[in-house]
Amino acid sequence: MSQVKKINNALISVFYKDGLEPVVHRLHELGVIIHSTGGTKDFIEKLGIPVVPVEQVTGYPSILGGRVKTLHPKVFGGILARRENTQDMQEAAQYEIPMLDLVIVDLYPFEETVKSTTEEQTIIEKIDIGGVSLIRAAAKNFADTLIVAHKSSYTDLLDLLNTHNGSSEKEDRKQFAARAFNITSHYDTRIFNWFNGESKQEFKLSYLNGTTLRYGENPHQQAVFFGEMGEAFNQLHGKELSYNNLVDVDAAMELIAEFSQPTFAIIKHTNPCGLAERATLEQAWKDALAGDPVSAFGGVIACNRAIDKATATLMDNLFFEVLAAPGYDADALEILKNKKNRILLIQKPCAKSKLQFKSLLNGVLVQDKDIVIETAAMLKPATQKHPNAQEITDLLFALRLVKHAKSNTIVLAKNRQLVGIGCGHTSRIDALHHAISKAKEFKMDLNGAVMASDAFFPFPDCVEVAHKAGITAITQPGGSIKDQLSIDYCNTHELAMVFTGIRHFKH
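All you need for our numbering is the position in the sequence shown, starting with 1, plus 3.
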């Protein structure tokens, strides 16, 4: 069986015409008979190149408002016929079916339509039927038929046509077929997920292309990012983002999204080590850094305001890997670009899934994201003493932070500043001891500070240690069978404690 196939007949039907012209001209030069329909036929005819209308082959016009154009045995027979199969070729001759050696078809822009409208009928009309069928048929019969399913492959097609003078080899056709099935499977996944909404009964996720990273979490691990980074941010400066950079950038951007006033967040290995909300950007930076200037070294930073010159001047004194902000003043950017490897990103509004995925064992875990943001009304007093207005403000600040750190987590905050944090500990009391030691190390005054815990206190030891450190108000979910012991201690020592009823574990 010959592995090389001469292209004599082609079917072209595409939504996007950009990049198609040189392909059509080259096919015409090679003497290929081109079949087409609709707007593609008109496009080719305007180039002065002869076209055989598909309707001439099928004997049927385009019907149902264009929904049915190519769905016909004379089209699919020409694609699927096995050239080495005697019966196939006899039937093709009997029914006057032209052999289609090249199929160039793309798909209606379903994804783009979903992004631009919520109007159901408009979206449904962009669910391609004929295109998917043609692509799958040609890809299945790659032994005889070459399929080009996306404009990104036009350059490769031209190279193939020029290299082989209008013929194709089986291995080339197989590679193009693999690309085609990648496109159709992705297309069907996006359609399914639109119909399925946020249901967690099925799991399908698809991205057409990945970005190969320098390496994974460690140099001996390979890594690829699947998705469109350009939809989340623009990189203005610095070296290529690494796997660890991306993980920390995501953590930083998720945390900073919780705050509306000028705020800086400093992240190290996905955990916050600095956070402050202030009236000015410069002061927010000073106070975020003050919380733990040691851990901030080599960290990833996010801000919710455009970076000005004064703030950039201060930031330039610290070595950090990445800064993500919604913008940069020109003079600030000039300062921050002094370090050639420093990565500077502009955050962009980006639609994100409300679901989280984690691969483990032989499958994938799917859950809702923890998007709860507590309000003052959700703080239920559990003690005789209630928190005052400043303490409520700080408790809410601490709660927005605590859910972004690895469990077990204790957050100490004062005047909308992180003054101590213990995270990733195997016991809650150890997390508290670590948070207090950090506060003392960096001369943070804990008198009048508040404490937030990501989960309930199984024993009263945490409220006792916090009280002795100067903490005056506490928030926790509540729900321990020994809650009363913590409540009794707080009542005896005039501490305010509120329950939220919401746990914020993060693993």
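Glycine included, each C-beta is placed from N, C-alpha and C at the ideal position.
Please classify residue i as buried or exposed, where buried requires at least 16 neighbouring CB atoms within 10 angstroms.
i	result
T215	exposed
C276	buried
P265	buried
P390	buried
D486	buried
N274	buried
Y190	buried
A379	exposed
H38	buried
L23	buried
D334	exposed
G330	exposed
T314	buried
G294	buried
S430	exposed
H241	What sits at residue 241 in the sequence shown is Gly, not His. By the 10 Å Cβ count, G241 comes out buried.
K355	exposed
List the DSSP bridge partners of residue i.
i	result
K9	S170
D371	L358
T215	V227
G3	Missing from the structure shown is residue 3; the chain here goes from 4 to 510 and no further.
G366	L363
K383	F502
V27	Note: V27 sits in no beta bridge, so no partner.
M454	L415, I477
Q350	F236
Y331	I310
H38	L14, V55
L421	A416
A305	A268, A327
I107	I15, V151
Go through its chain and collect everything with a Cβ distance to residue i's Cβ below 8 Å, but skip five positions before and after it.
i	result
V367	F206, F360, K361
E48	V54
L358	E201, K203, V369, Q370, D371, K372
K406	D373, V375, D457, H507, K509
A1	Outside the shown range of the chain, which is 4 to 510, sits residue 1, and nothing can be said about it.
S483	F459, F460, P461, S489
S209	S188, H189, T192, R193
Look at the Cβ atom of residue i, then the Cβ atom of residue j, and state whether they are nearer than 8 Å.
i	j	result
L211	I186	yes
F179	L149	yes
L74	V106	no
K154	D109	yes
V453	D397	yes
A327	F236	yes
D319	D332	no
A455	A499	no
I126	T120	yes
L421	A255	no
K441	I413	no
R419	I376	no
S410	F502	no
V325	V252	yes
A291	A268	yes
V468	L415	no
D159	K8	no
E394	A476	yes
E285	N247	no
L317	W288	yes
L244	I346	yes
N307	F262	yes
Might you give, ordered along the chain, the residues of its own chain that have their beta carbon closer than 7 Å to the beta carbon of residue i, omitting 5 neighbours on each side?
i	result
A140	F79, I82, L83
L164	R29, L33
N450	G473
V480	Correcting the residue identity first, residue 480 is Pro in this sequence and not Val. Within the same chain, P480 has close Cβ partners A458, F459, F502, T503, G504, I505, R506.
E172	Q6, V7
Which residues in the same chain as residue i place their Cβ atom closer than 6 Å to its Cβ, once the five residues preceding and following it in sequence are excluded?
i	result
T43	I15, S16, V17
S298	K271, C276
F323	G302, I304
V35	I10, A13
K20	F46
K77	V60, T61, I100
R85	D91
E122	none
K143	none
Taking Cβ positions only, does residue i come closer than 8 Å to chain B?
i	result
L110	In summary, chain B is missing from the structure at hand, where a single protein chain is found.
Practice task
Decide yes or no for the touch test of the region 332 to 341 against the region 225 to 238: beta carbon pairs closer than 8 Å, at least 3 of them.
Solution key: no
Practice task
May I ask you to verify whether the region 492 to 499 touches the region 384 to 400, counting CB pairs closer than 8 Å and requiring at least 3?
Solution key: yes
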